[in-house]
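Accompanying notes for the structure given below.
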Amino acid sequence: MNASELRDKTPDQLRDQLVQLKKEAFNLRFQAATGQSENTARMRVVRRDVARVKTILNEKAAAAATEA
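Offset between the sequence shown (1-based) and the numbering used here: plus 1.
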């Protein structure tokens, strides 16, 4: 997932994506704690995707605030 794909989405779609990513991060943390994690690099990717979605949401909120 890259930032240009995220910028094309609406804020509601971004919030849904954020919820899905947070659920995945929770499941990955649970797997890591129980020793069942097969793809340890996935946690890093999910964390960065969460940060990327939050950044785009903040950019959209700031843009909406300056337009109003």
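Even glycine gets a Cβ: it sits at the ideal position worked out from N, Cα and C.
Which residue comes first and which comes last in the alpha helix (DSSP H) that contains M44? A42 to E68
Would DSSP call E25 helix, strand or coil? helix
Is the CB-CB distance between V54 and L19 below 7 Å? yes
Taking C-beta to C-beta, are A26 and V46 nearer than 7 Å? no
Decide if the stretch 31-38 is in contact with the stretch 2-22; the criterion is three or more beta carbon pairs, one per stretch, under 8 Å apart. no
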